[in-house]
Amino acid sequence: MPNYTFTVNGREVTVDAPADLPTLWALRDKLGVTGPKYGCGIDVCKACTSHLDGEAFNPCATPVSEVEGREVTTIEGLADGDELHPVQEAWLEQDVAQCGYCQPGQIMAAVALLKRTSNPTDEEIDAIENVCRCGSYFRIREAIKSAAEKM
Amino acid sequence: MAPRPLEDYLDMARHSAEPTGSAPAVAPGLRDRVLGRRKFLTYLVAGSTLTVAAKVGFDTLAPGTASALVPSPPQPADVTDLGDILIMAGKPTEGLLIQLEIQEDGNVRVELPRMEVGQGLTTSVAMLVAEELDVPLSAVYMPLAPARPELLFNQLTGGSNSIRSLFGPVRAAAAVARGRLLAAASEQLRVPVGDLQLADGVVVGPSDVRAAIGTLTGAAAALPLGELTAAPKKPSDYKLVGSPVSRVDARAMVTGEFKYTLDLDIPDATPAMVRRPPTINGTVDSVNNEKDVRSMPGVIDVVVIPSGVAVVAETFGQALDAKDALDVTWKKGTVDGLSDAEIKEQLRGAALPFAVPAAGELTIDAEFDFAFASHAPMETNSAVADVRPDGAEIWSGLKSPIVAQQAIAKEIGLPENLVKVNVVQSGGSFGRRLFFDGALEAAQISKATGRVIKLMWTRVDDMRHGRARAGSFHRVRVTHAADHVLSFEHRVASVETDTKHGLGEILTATAASLPVGGNMSFAQTMFLTTVKCPYNFGAVTQVLNEIPLDMHTGSWRSVYSANTRGAEEIIVDEIAAKLGRDPVEFRLEALKEDRYRAVLEKVADEGGWGAKMDKGFAQGVAFHAEYKSCTACLVEIDARDPQDPRVTKAVIAGDFGLPINPRGLESQLLGGLTDAISTTLRAGLHIEDGLPLEGSYSQFHYARQADSPTDVKIFIMPANDKGDPGGAGELGVPAAVGAIGNAYARATGIAPRSFPINFPVDFDPFPR
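Chains as they are written, first to last, in our numbering: chain A, 153 to 303; chain B, 1041 to 1808.
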């Protein structure tokens, strides 16, 4: 099997995997990076949302061959050591998480949105499609607005 | 009932010394720090004597303000609800329920004999411990207890009953511990107990003499028995309980550190997935290309199990490809050929007749139906199993771990005591994890392959072969006089809701599985002890009949009430309209209790009830009482396009008796609202030829951010004088269903009768 080299949260890694192996399984099963979650495998629930070269992507639907030579950031790479990213802080402030399973993806989607626009409208927040089966959407919205104010 | 003397608790402790066992090799909950052998004070105490009998008094009969109302007598659920029954079933083992350990470093470890799935128990129960012991919340850590068969009926998470059933035992255990610590401090500091204060984990006496509780734990454990008195604090003295607290595990969740079942680092655990049949409960006839599949990249093993064909591979991605590549000939399932139209016809035929004849103009008759709804927790069904000839260990999210342990032991042919079942905090449940099918499959695959197996279900399988709320049909008949209701009857016909988990252990699970009585008896008891009409509507009858279709159903958040009470709240609006009354005024008059009226008045005030709305927009309101709690919900809807409505605003009030953590309770009500938005407007399963068509969130339209209101206000009512906390997890759904239905009707002029309201097959189903 071919080798693919890319960086995960600033660390260079090489995995031995078939070209079409979804990056989610390279991360979880080969590298032990378990922050990105499986929820659907077809890019509709968005639970695995992470960043590829700084932009939101869904590793469940991105073959590992496509991330060769690129920078993957997962939820584990968002904080600066013990210092949380402002979006993570906002999530704590609003006590957003219930079961927590979708929240790494929600947070990575929110960070990507705030990179694109510093003051997102309700319509822009509505465009985040990540499913939260616990239904914490209103608190997610409040947390994004709160983070936007502070950033 | 008088409080049990402390001596009894201590006696229990003496006879049950140190049974807590060793810490598991892999801690299933994040907060389960690996412990050394520094447990000096281990109490096995509890025994709630604080449960009070359900109050049946004239206040439940008292009409509101209008003398014309016909009072309705208390119904079974008014007298003894499901939670009371579960608490009673747990009585014999209450003394074993809570194990509280105070460690030398001052930390307090309490294993939670319930399942945490996002509902916030590890926070709220830790708050009770911290309050009672006067230690910081951060000093309490609360791993989930593994299956403890000695607890019998007392390790089931459901019925919105966890706080209700733990409130007494947790406080009793902590109060005893506190009493002993103070006595030990008294001896060590030479200060009478009455002059000592315990705060922040430190005992402080006159002249600022101090002793941290960790330094007292050994002496406290060694104290002679029978000399102490201990009583839990009065709620009026609470400092922490009742104040809003954030989840104790929130930081781990937002950093990605939190470990769910498949994130656990269990040595040699190997991915496995199962190819499942094209119809529900189909079985394998033959595997036609096993050799080809075995030669696929990463594939390690292929084995047939009762529910399908398992593929073990190096990664889940490879297991998924390989299981999809399998060519399997299947035997029939249990509902082959069955589709929605026939199910609906069967349900209509199963609705039992009304007792009261129609009375012409003074009658309102209505029919409702609700589609199946997937539980669809974000974390699909998953488990890790390590089955060896001389013992087995399982890790999974389990709300009934005892029956899981018993059934798995039987399946793999080991004595129960050699099968350890670890309960792992999960990514949602909504009732789904009452069933242990994933854990059982993982054990079967592990036994068949001789490997440690980590099993994951695909989303498609989770939706099609996982659990769902059963579809139901409802007939309601109301007779009335000029200004009040004379009779209110509701006939519910439902596809059987699987209750074969019983009360969580093998005995009642077997009883619930019996062909005669069996599931229907359990279901009937659940219905009658949960569903009640909160209004004085004269003669009230609510009756369930189920059709025994063998499908994968199960209790779904608020079980029968979401549909049954949701439909009733829509009818209440229609009665009010027919009588020319305002829906809020009409309810206020007919509600049975003052606390019911209080939550409704709260949302009417805070939500600006009666505000003038533009065409296509409307408000809707509804009420629900259950689990000794009650709630009202007011929503605003934008239904300018009746095929694409959006709830834009919600105002909710909840009365939980004694609220433990208002912040967590708000979360529960918010979740209930989102469930109601989803299942009322768009989310359901179509059944076609023995299988749900929906296979992912692109097809089962659970609400997303764009379906969620941008303005939500939730109010938790202050503690009332009843003293005990009511149930919370499921309360929010029925009132929100009713409020959304009512708002939709007012905005569009269309009376909602079939749910979800907009339910086309707007997708290409995945292959079977």
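Ideal Cβ positions, reconstructed from N, Cα and C, are used throughout, including at glycine. Predicted model, so just to flag it, every value in this text is computed and none were measured.
8 Å Cβ cutoff met for V216/A and H237/A: Reading the first sequence from its first residue, position 64 is the one you call residue 216/A. Reading the first sequence from its first residue, position 85 is the one you call residue 237/A. Not a contact, by the Cβ cut-off of 8 Å.
First through last residue of the beta strand (DSSP E) which encompasses I280/A: Counting from 1 along the first sequence, the entry for residue 280/A is found at position 128. No beta strand (DSSP E) contains I280/A, which DSSP labels as neither H nor E.
What residue does the beta strand (DSSP E) around L204/A start on, and which one ends it? Here residue 204/A corresponds to residue number 52 of the first sequence, with the count starting at 1. First-last of the beta strand (DSSP E) with L204/A: S202 to L204.
Out of R1621/B, C1573/B, A1271/B and L1402/B, state which residue places its alpha-carbon closest to the alpha-carbon of Y1600/B. Within the second sequence, numbered from 1, the residue matching residue 1600/B stands at position 560. Comparing Cα positions, the closest option is C1573/B.
Tell me, which residues are paired with H1520/B by DSSP? Residue mapping note: residue 1520/B aligns to position 480 of the second sequence, counting from 1. For H1520/B, which the question treats as bridged, DSSP gives the partners V1525/B.
Short of 8 Å Cβ to Cβ, which residues in the stretch 1301-1319 of chain B face chain A? L1302, D1303, D1305 and P1311
Suppose the cutoff is 6 Å on Cβ atoms and the five residues either side in sequence are ignored; what does the same chain contact list for I1138/B look like? Counting from 1 along the second sequence, the entry for residue 1138/B is found at position 98. Here the set comprises A1086, P1209, V1210 and A1213.
Boundaries (first-last residue) of the beta strand (DSSP E) holding T1310/B: By one-based count along the second sequence, residue 1310/B stands at place 270. Its beta strand (DSSP E) spans residues T1310 to R1315.
For chain A, is any of its Cβ atoms less than 8 Å away from the one on R1499/B? Indexing the second sequence from 1 puts residue 1499/B at position 459. It does: the Cβ of R1499/B has a partner Cβ on chain A nearer than 8 Å.
As assigned by DSSP and simplified to three states, the class of A1185/B: The residue you call residue 1185/B lines up with position 145 of the second sequence. Reduced to three states, the DSSP call for A1185/B is coil.
If you follow the alpha helix (DSSP H) that V1500/B is in, where does it begin and where does it stop? Working through the second sequence from its first residue, we reach residue 1500/B at position 460. Residues R1499 to R1504.
Straight-line CA distance for L1070/B to Q1159/B? As a working mapping, residue 1070/B is identified with position 30 in the second sequence. As a working mapping, residue 1159/B is identified with position 119 in the second sequence. Bear in mind that the predicted position of L1070/B carries a pLDDT of just 37, short of 50, making it too unreliable to give a figure here.
If G1697/B and D1634/B are in contact, beta carbons under 8 Å, what's the gap, nearest whole angstrom? To locate residue 1697/B, count along the second sequence from 1; it is residue 657. To locate residue 1634/B, count along the second sequence from 1; it is residue 594. Actually they do not touch by this definition, with Cβ atoms about 14 Å apart.
With the cut-off set at 8 Å, would you say G1199/B and P1699/B are in Cβ contact? Stepping through the second sequence from its first residue, residue 1199/B is reached at position 159. Stepping through the second sequence from its first residue, residue 1699/B is reached at position 659. Cβ distance not < 8 Å, so G1199/B and P1699/B don't count as in contact.
I'd like to know whether the C-beta of A1067/B is nearer than 8 Å to at least one C-beta of chain A. Residue mapping note: residue 1067/B aligns to position 27 of the second sequence, counting from 1. The predicted model places A1067/B with a pLDDT of 36, which falls under 50 and marks its position as unreliable; any figure quoted below should be read in that light. No - not a single Cβ of chain A is within 8 Å of the one on A1067/B.
With a cut-off of 8 Å, does the C-beta of C200/A fall near any C-beta of chain C? This model lacks chain C altogether; the protein chains it does include are A and B.
Against chain B, which members of the stretch 262-285 of chain A pass a CB distance test of less than 8 Å? D274, I277, D278, A279, I280, E281, N282, V283, C284 and R285
Expressed to the nearest angstrom, what Euclidean distance is found between the alpha-carbon atoms of V165/A and V283/A? On the first sequence, position 13 is the one that residue 165/A refers to. On the first sequence, position 131 is the one that residue 283/A refers to. C-alpha separation (whole angstroms): 30 Å.
Can you tell me whether T1319/B is helix, strand or coil according to DSSP? Locating residue 1319/B in the second sequence gives position 279, counting from the first residue. Note: T1319/B maps to coil in three-state DSSP.
Does any C-beta atom of chain A lie closer than 8 Å to the C-beta of R1291/B? For the purposes of this step, residue 1291/B is taken as the residue at position 251 of the second sequence. Taking Cβ atoms only, chain A reaches closer than 8 Å to R1291/B, which makes this a yes.
Can you give me the Cβ contacts of Q258/A inside the same chain, cut-off strictly under 7 Å, excluding the 5 residues immediately before and after it? As a first step, residue 258/A must be located in the first sequence, where it is residue number 106. Counting only Cβ-Cβ distances below 7 Å, and skipping sequence neighbours, we find N282, C284 and I292.
Over the uninterrupted alpha helix (DSSP H) stretch that includes A1630/B, give me the two end residues. For the purposes of this step, residue 1630/B is identified with residue 590 of the second sequence, where counting begins at 1. Where A1630/B is concerned, the enclosing alpha helix (DSSP H) stretches over P1623 to A1630.
Excluding the 5 residues preceding and the 5 following K1363/B in the sequence, name in chain order all residues of the same chain whose CB lies nearer than 6 Å to its CB. By one-based count along the second sequence, residue 1363/B stands at place 323. So the qualifying residues of the chain are M1313, R1315 and V1351.
Residues that N155/A bridges to, as DSSP identifies them: Counting from 1 along the first sequence, the entry for residue 155/A is found at position 3. Its beta-bridge partners are D168/A.
So that I know if they touch, is there some Cβ in chain A lying closer than 8 Å to that of F1356/B? In the second sequence, residue 1356/B corresponds to position 316, counting from 1. By this cut-off, F1356/B is an interface position.
Kindly indicate if chain B contains any beta-carbon less than 8 Å away from that of M153/A. For the purposes of this step, residue 153/A is taken as the residue at position 1 of the first sequence. Taking Cβ atoms only, chain B reaches closer than 8 Å to M153/A, which makes this a yes.
Considering only DSSP beta bridges, list what I1434/B is partnered with. Locating residue 1434/B in the second sequence gives position 394, where the first residue counts as 1. Beta-bridge pairing links I1434/B to A1425/B and V1461/B.
To which residues does DSSP link T1369/B through a beta bridge? Counting from one through the second sequence, the residue named residue 1369/B turns up at place 329. In the DSSP output, where bridge partners are listed per residue, T1369/B has S1326/B.
When you compare the CB of G193/A with every CB in chain B, is at least one pair closer than 8 Å? By one-based count along the first sequence, residue 193/A stands at place 41. With 8 Å as the cut-off, G193/A counts as an interface residue toward chain B.
Quick check on R1597/B: buried or exposed, where buried means 16 or more other Cβ atoms within 10 Å of its Cβ? Looking up residue 1597/B in the second sequence gives position 557. Buried, since its Cβ has 16 or more Cβ neighbours within 10 Å.
Between the stretch 285-303 of chain A and chain B, which residues of the former have a C-beta closer than 8 Å to a C-beta of the latter? R285, C286, G287, S288, Y289, F290, R291, I292 and R293
Test: V224/A CB closer than 8 Å to a CB of chain B: Here residue 224/A refers to the residue found at position 72 of the first sequence. Answer no: the Cβ-Cβ gap between V224/A and chain B never drops below 8 Å.
Is it buried or exposed, G1511/B, if we count other Cβ atoms within 10 angstroms and call 16 or more buried? Sequence index remark: in the second sequence, residue 1511/B carries index 471 (1-based). Classification for G1511/B: buried.
Among M260/A, L183/A, T269/A and L173/A, which residue has its Cα nearest to the Cα of D205/A? Stepping through the first sequence from its first residue, residue 205/A is reached at position 53. It is M260/A whose Cα lies nearest to the Cα of D205/A.
From A1217/B to L1173/B, what distance separates their C-alpha atoms? Taking the second sequence and counting its residues from 1, the one referred to as residue 1217/B is at position 177. Taking the second sequence and counting its residues from 1, the one referred to as residue 1173/B is at position 133. Answer to the nearest angstrom: the Cα atoms are 7 Å apart.
For the alpha helix (DSSP H) holding D1678/B, just list the boundary residues, first then last. Indexing the second sequence from 1 puts residue 1678/B at position 638. Unbroken run through D1678/B is the beta strand (DSSP E), S1669 to D1678; no alpha helix (DSSP H).
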